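Protein sequences appear in the order of chains A and B.
Residue 249 in full-length UniProt numbering sits at position 249 of the first sequence, with consecutive numbering throughout.
Residue 36 in full-length UniProt numbering sits at position 36 of the second sequence, with consecutive numbering throughout.
C-beta atoms are modelled at their ideal positions from N, C-alpha and C, and glycine is treated no differently.
Here the structure is a predicted model, which is why all the values come from computation and not from measurement.
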Amino acid sequence: MPVSLLWAVDVYGRVYSLSTAGQLWEQCRDAQMEFKRVTAAQQCCWGIACDNNIYLNVHASDLPVRYQEETYENQRWNPVDSFSERLLPSDRWQWSDVTGLQHQPLDNFLLPSGSWEWEGDWHVDENFEGEPTEKKGWTYAIDFPAYYTKDKKWNSCVRRRRWLRYRTYKAMDTWAKIPSQETTLPDPFSDISCGGWEINEEPRGRLSLWAVSLQGKVWFREGIYHLNPEGSSWEEVSLPGEVIQISCGPVDLIWAVLWEGQLIVREGISRDCPKGTSWAEVDSPSPDVGATHVAVGINVVWALTKDNKVWFRRGVNSHNPCGSGWIGMIGEMTMINVGLNDQVFAISCEDRAVYLRQGVTSSELSGKTWRAVTVPRDGDRSHSSASASSLQSAGCYFCGEARAQSAVSDVESDTERGSTDGASRPVASPPPESSVVAPTDEPVETPKPRIPKVTSDSFISELVSDREPGKTSREGGPAGPAVLEEDPVPGEEEVKAPSASVALSPSQSGGPLVPQWSNVDLEEVQAQTVAAADSADTCSLSSVATYTLAMEDPYGADEHPLWAWVSGGGCSVDSHSQLNWFNSMNASLVQSVQSMSLSVTPAQTAAWRRQIFDQLNERTKREMDNFRHYEQAVEQSVWVKKGTMQWWRDWKPHKWIDVHFALEQFSGPEGNKDGILFIYYNFFEEKKYLHAFINEVTILVPVLNDSKHSFAIYTPERTKQRWPIRLSAATELEMQDWLALLSVSCCDSRGIQGPPSKQAVWSITCKGDIFVSEPSASLEAMPYPTPCDQMFWRQVGGHLRMVECNSVGIVWGIGYDHTAWVHSGGYGGGFFQGLASSTDNIHTQSDVKSVYIYENQRWNPVTGYTNRGLPTDRYMWSDASGLHECTKTNMKPPSPQWTWVADWTVDYSVSGGTDREGWQYAADFPASYHGHKTLKDFVRRRRWARKCKMTTTGPWQEVPPISLSDVTILPCAARSSVDVVPVWAISNKGDVLCRLGVTALTPAGSSWLHVGTDQPFKSISIGAASQVWAIAKDASAFHRGSVSPQSPAGDCWYHIPSPAKQKLKQVSVGRTSVYAVDENGNLWYRQGVTPSYPQGSSWEHISNNVRKVSVGPLDQVWIIADKVQGSQSLSCGTVCHRLGVQPMEPKGQTWDYGIGGGWDHITVRGNCMEPPRVHLPSLTAPASQSPLPVRNTEVNGNAVGC
Amino acid sequence: MADDKDVLRDVWFGRIPTCFILNQDEVTEREAEPYYLLLPRVSYLTLVTDKVRKHFHKVMRTEDAEEMWFEYEGTPLKWHYPIGVLFDLHASNTVLPWSITVHFKNFPDRDLLHCPSNSVIEAHFMSSIKEADVLKHKSQVVNDMQKKDHKQLWMGLQNDKFDQFWAMNRKLMEYPTEEGGFRCIPFRIYQVTFLFSSCV
């Protein structure tokens, strides 16, 4: 989960933010003045400062806020001057907007505020509907307004061209005053609240900002979205009374508190009207005590009354924004706020601490308990050091070796210093708030030497007993035994001083003792501890006790922050988030033990595993090396696993029949494992069977749908026929067991194990399953390459929409929800648990996609459009084709892996456009639909979408925060691991991005560099010699000039004309070849690409029925093809390999068909293995991947037509 | 890089070279040759010594052969300890191969459990699995397994089939990530004279 921020203001008006990954309130240093209130969204934070102005802090992102200003230059032809700026009096302005109605000369454009700056000067847009004009951008027409073309004709009397200029928002990560209204507002603002980011996805980053003035008026800020973060103007909203506070939720809840203590609820908020239409009144929770504060989320309303009681509103949702009743909650709060996922933050009136409501889930919105956020602020060093050191040393407990300590002890000596400073500072000058929070008092006990015991419980009890001596020593003051905090020697020197007292300083003693613990060498620990205890009572075994010391430090209480305001609107937490916000204070020992176990780093685990592995190796060497000739006690034998399944029978009519299934495994003659699959079935009362050799199985594909837990088994023969063995298990679990077992068997029989190689070919099915194949050297051989139906594919956990790789092993993926992922180097995950999966590098991965259904209506003269269709019509609720009935209630998520995460909503983003209610109109079903009603339209439909989510595991790590739609990695030949590899991507909004800092060791890179474009893009590819090709959303193709390691983003775009009348959609660039696919499924090769002229000269048609193309570093061409003939039917989504591709013949000759259908994506950009020049494939291929001699794969027990 | 899988494999395929020598007091028809075997560390003595029994039966009369038991340097070897444990407890400093004396008479009832058939070993093994799962998952996992799953575990051990065993055993070793680990981690402490178990 990406890191996000919780914002708060303390009682002195200082603004702080707390990261979900952090443990420290960081002060916002650049805030020039004190703030009263803040309200946060994920992309920005708004605040009211003490000068009563509203300030905006836009969080810096790799994507700049870049606003495109445009104006049109219009000219008319006359016989004297030819085209000139002399227009007819009836004509439009010489400089105008696109409609011609607005006068827009270039110098009329001004920056909206000091937070903006121009990026370059005005320039002419040379691109016209995806084609370069090459005529300085002029487009011609008969007259204004008319249809413009890029070619001048004899009757072209007018022409126009578009001028562009960009301005960027520069005030990132700093508090900038938003431009004040021209007409000054009557009175200053006293409250603000932002929300509404989920009302409408367009325009991107839209927000609603509500403000309350001191006189109780409410204002709505118009026009806030990503490209206009400041908004444009304030609109007053009429009111039934005087408002004191307002709260705006992410969707359509807006509540406000009136001066008299009642609450009002905004109604009529919709996609088209984010401001709402009217107010409804709701009584205060308590009849005698008015409400003072309200906070709303998506489906929740919380309120406070004047007596600081907390109330939860029952039954609130979009349809009933007023809810049904109040429930009193525990706790007394002065301020409350609802953040993302309906999580609740509050400030207690007792100690002014920020509390987070625990256990708030969608099924239990009111949560369970309040829990104080107890992290220190960045000014409070004693607290920070204490918590840091406790965590550091906690980690050490699980560190396998003493030498791993060096880094840690560095940190500890730092924190040591910190704690010394922090503890001594308050003594010198107690801050003013010292009286507010009393230190927790414990009875003073006489120090007693502890005798560590050996049982595990004693570890805890030791920690407890640590607290007491520590406590005592604090209370005892300087008279007590020497403790670090009172030592006059500065911490830094003390760390180096080899005196006895050093060994006893709490966080120091934690360090050296640790390795003993990890080696479970209890005696030694005991000895050391006793020794320590002898010399001073305050010895602490672990620095868990250190922070206890610091926390119970009577002066430490001075540091307790007092909060005035908190805003969780930007803080992405939910009830499952693991936060480190609660550990540093009031932490019970159980929690600290938990935090210790969590802080075992993967590196430590790996080191530990390495150690065990080495010891085992040693043992094997010692005990077995000389005795290998001895007889084994247990002879290896055949092992059979049996089960019952259903089989999609081979003969017509096809249907599922019950079969017995058996996997027989045995060791082959050379010790390699092999096996045979048997499917026993009845054919007209006759018992028959079908079998397949495990070493011939090329792929196992799970085919989950809502009714069957099925999977498909392919062999080369089955792949040719496009007719796999389809089997279905009774339960999902059983299917996964079988799949895991079969896949281990297949990998064993081919000697494949461990993570995919750098050369691996990756592919993805239409279900999002990821497969990887190890290419043999002869895969690209000439003239006899390995047939691609013999490629063996194994599944990798995770769920992706696309994957791209290169030959140094950098692999990126993009999920259906556009999240970017990078391969962690592991394998397995998903249902490949245990042995088929790596232990490290497997992470949780989730993906979200939408399920669509259509609501269809027909017009009749009496009632207009109704859901009563003609008897011949499609279902009134259907899928896109209209052939299947799909209602909101009967629709299920695509498979049991998916669960619904939202309700049905109207989808407005349908191609062809929709009206305000989402309808599209047509003359009849099925037809082409348009977004507005005409007289001839008798039917209409609208699309409903519902989001579903799946969670799985796989060797993928998220690359936050920008969502992507395409990514490409330079398919370079293997070089050193520190070389920076160019990675380009396109955000899901169409921005072109260049990833910096990507190397084989850091495949995720460090940050995005935005590459300016005049329009959104959809496809990008980078080939050898850093040739970058890209396709814009309007199908124009571009080549990026001068991309090099020195200038990773290049300098400018060269517009490449598209093939005649075709709209390109995807491009792939190899070593020299450039291929593109258009929207009609044609594959094009770029002719004439040379180093001196990288743009090439023309497009040449290669093939049709192509969905996607991947060109590799050897210029090998692989595609996903549609309409491939199989034994039973045409198959869509088949992996195909271009044969006959040679340096002198880069276009190749024919296609070789591989795995499919149902495939969606392939990348061969990792495979840079030069094929052997002269060879026979079966001789040159490595043994582990050698294709077996082709023979009939499934020999039925009796002849069965298949 | 070492993976958990490699560790598991190495543990499973740990072998102890052993030399079985017939006790001199046994009545034989001709002299018994010693018998050499690689014993799997994770298995049980009586489970993997069929070959030993057959080898010595060849030189003995059937009526002279009672229940077979093993002894190392005067200590009867408890078959219900894993072989690796027995070796490490009693013979870790010995010169390899480990020399075990085989007896067919005077079964030491006070020291050893009788082992009339493999089903006794299976029962012992399954009860250990169950004990461990009580600590790890409150025995939820082992209870959710079917009879055939239990059988697969056992057959995996008996036939020295790593994959067969681990296909099932992985379920016992899994835990939901949100729980962050087993409830308890079971381990058993073996001592030369007595046995007790404990958990953290």
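**Request:** Classify residue 200 of chain B as helix, strand or coil using the three-state DSSP reduction.
**Result:** Unreliable placement is indicated for residue 200 of chain B, whose pLDDT of 36 sits below 50; the coordinate value is still reported in the next sentence. Residue 200 of chain B sits in coil when the DSSP states are folded into three classes, being neither helix nor strand.
**Item:** CB contact below 9 Å: residue 32 of chain B versus chain A
**Value:** By this cut-off, residue 32 of chain B is not an interface position.
**Message:** Are the CB atoms of residue 771 of chain A and residue 739 of chain A within a distance shorter than 9 Å?
**Reply:** In this structure, residue 771 of chain A does not lie closer than 9 Å to residue 739 of chain A by Cβ.
**Message:** For residue 129 of chain B, would you say it is in contact with chain A, using Cβ-to-Cβ distances shorter than 9 Å as the test?
**Reply:** For residue 129 of chain B, the answer is no, since every Cβ of chain A falls outside 9 Å of its Cβ.
**Asked** Anyone know if the C-beta pair for residue 972 of chain A and residue 900 of chain A falls short of 9 Å?
**Response** In this structure, residue 900 of chain A does not lie closer than 9 Å to residue 972 of chain A by Cβ.
**Distance between residue 812 of chain A and residue 1068 of chain A (C-alpha atoms, nearest Å)** = Taking the straight line joining both Cα atoms gives about 16 Å.
**Request:** Taking C-beta pairs closer than 8 Å, name the residues in chain B that residue 617 of chain A reaches, listed in chain order.
**Result:** Taking a Cβ-Cβ threshold of 8 Å, the residues of chain B close to residue 617 of chain A are 10, in chain order.
**Request:** Inspect the CB distances between the region 92-103 of chain A and the region 202-219 of chain A and report whether three or more fall short of 8 Å.
**Result:** Pairwise C-beta distances place the region 92-103 of chain A out of contact with the region 202-219 of chain A, as fewer than three of them are shorter than 8 Å.
**Item:** For residue 90 of chain B and residue 191 of chain B, the rounded distance between their alpha carbons
**Value:** If I take the Cα positions, the gap works out to 10 Å.
**Request:** Give the secondary structure of residue 13 of chain A by DSSP, where H, G and I count as helix, E and B as strand, and everything else as coil.
**Result:** Looking at residue 13 of chain A - three-state DSSP - the assignment turns out to be coil, as it is neither helix nor strand.
**Prompt:** Hey, how far is the Cα of residue 876 of chain A from the Cα of residue 866 of chain A?
**Reply:** Computed Cα separation, rounded: 9 Å.
**Message:** Among B:16, B:53, B:8, whose alpha-carbon lies nearest the alpha-carbon of residue 22 of chain B?
**Reply:** Taking only the C-alpha atoms, the option nearest residue 22 of chain B is B:53.
**Message:** For a contact defined as C-beta to C-beta under 9 Å, what are the partners of residue 581 of chain A on chain B?
**Reply:** Simply none; closest approach about 18 Å.
**Interfacial residues, the region 955-984 of chain A to chain B, with Cβ spacing under 9 Å** = Within the region 955-984 of chain A, no residue has its Cβ closer than 9 Å to any Cβ of chain B.
**One or two residues paired with residue 683 of chain A in a DSSP bridge** = Partner residues in the beta bridge of residue 683 of chain A, as assigned by DSSP, are A:686.
**Request:** Check whether the Cβ atoms of residue 43 of chain A and residue 1014 of chain A lie closer than 9 Å to each other.
**Result:** Not closer than 9 Å, so no.
**Prompt:** Between which two residues does the beta strand (DSSP E) containing residue 47 of chain A stretch?
**Reply:** First-last of the beta strand (DSSP E) with residue 47 of chain A: 44-49.
**Request:** Starting from the N-terminal side, write out each stretch of the beta strand (DSSP E) that is 3 residues or longer and does not extend beyond the region 187-237 of chain A.
**Result:** Counting whole runs of 3 or more residues, the region 187-237 of chain A contains the beta strand (DSSP E) stretches 189-195, 207-213, 218-224, 233-237.
**Request:** Please report how far the alpha carbon of residue 458 of chain A lies from the alpha carbon of residue 286 of chain A, in whole angstroms.
**Result:** Its pLDDT being 38, under 50, residue 458 of chain A is placed unreliably by the model, and nothing is read from it.
**Prompt:** Using the rule of at least 16 other Cβ atoms within 10 Å of the residue's Cβ for burial, across every protein chain shown, is residue 185 of chain B buried or exposed?
**Reply:** Exposed, since its Cβ has fewer than 16 Cβ neighbours within 10 Å.
**Request:** Run down chain E in chain order and give the residues with a C-beta less than 7 Å from the C-beta of residue 191 of chain B.
**Result:** Absent from the structure: chain E. Protein chains present are A and B.
**Prompt:** Roughly how many whole angstroms lie between the Cα atoms of residue 325 of chain A and residue 1158 of chain A?
**Reply:** Their Cα atoms are separated by approximately 52 Å.
**Prompt:** Do residue 926 of chain A and the ligand GDP come close, with the Cβ less than 8 Å from some heavy atom?
**Reply:** Of ligands this structure carries none, so the ligand GDP is not represented either.
**Asked** When we look at the beta-carbon of residue 223 of chain A and count the other beta-carbons within 10 Å, is it buried (16 or more) or exposed?
**Response** By the 10 Å Cβ count, residue 223 of chain A comes out exposed.
**Request:** Taking only the alpha-carbon atoms, compute the straight-line gap between residue 1105 of chain A and residue 1121 of chain A and give it to the nearest angstrom.
**Result:** Between the C-alpha atoms of residue 1105 of chain A and residue 1121 of chain A there is a straight-line separation of about 6 Å.
**Prompt:** Roughly how many angstroms lie between the CA atoms of residue 360 of chain A and residue 339 of chain A, to the nearest whole one?
**Reply:** Per the coordinates, the alpha-carbon of residue 360 of chain A lies some 11 Å from the alpha-carbon of residue 339 of chain A.
**Item:** residue 604 of chain A, enclosing alpha helix (DSSP H) - first and last residue
**Value:** In this chain, the alpha helix (DSSP H) harbouring residue 604 of chain A covers 602-624.
**Message:** By DSSP's criteria, residue 645 of chain A is part of a beta bridge. Which residues make up the other side?
**Reply:** Beta-bridge partners assigned by DSSP to residue 645 of chain A: A:659.
**Item:** Collapsed DSSP secondary structure at residue 699 of chain A in the structure displayed
**Value:** In this structure, residue 699 of chain A counts as strand in the three-state DSSP scheme.
**Request:** Please report the residue range of the alpha helix (DSSP H) in which residue 118 of chain B lies.
**Result:** 118-137 is the span of the alpha helix (DSSP H), which, as asked, contains residue 118 of chain B.
**Request:** Examine chain B for any beta-carbon lying closer than 9 Å to the beta-carbon of residue 55 of chain A, and answer yes or no.
**Result:** No, its Cβ sits nowhere closer than 9 Å to a Cβ of chain B.
**Request:** Would you mind telling me which residues of chain B sit closer than 8 Å to residue 623 of chain A, beta carbon to beta carbon, in chain order?
**Result:** The contacting residues are 14, 15, 16, 17, 96.
**Asked** residue 56 of chain B: buried (16+ other C-beta within 10 angstroms of its C-beta) or exposed?
**Response** Buried is the call here.
**Prompt:** Near residue 678 of chain A, what residues of its chain come up, given a Cβ to Cβ distance below 6 Å and the 5 sequence neighbours on each side ignored?
**Reply:** Same-chain partners within the cutoff: 662, 689, 691.
**Message:** In whole angstroms, give me the CA-to-CA distance for residue 1087 of chain A and residue 1149 of chain A.
**Reply:** The straight-line gap from Cα to Cα measures roughly 16 Å.
**Item:** For residue 458 of chain A, the three-state DSSP class (helix, strand or coil)
**Value:** At residue 458 of chain A, the pLDDT of 38 sits below 50, so the modelled position is not reliable; the number obtained from the coordinates is stated separately. Under the three-state reduction of DSSP output, residue 458 of chain A falls in the helix class.
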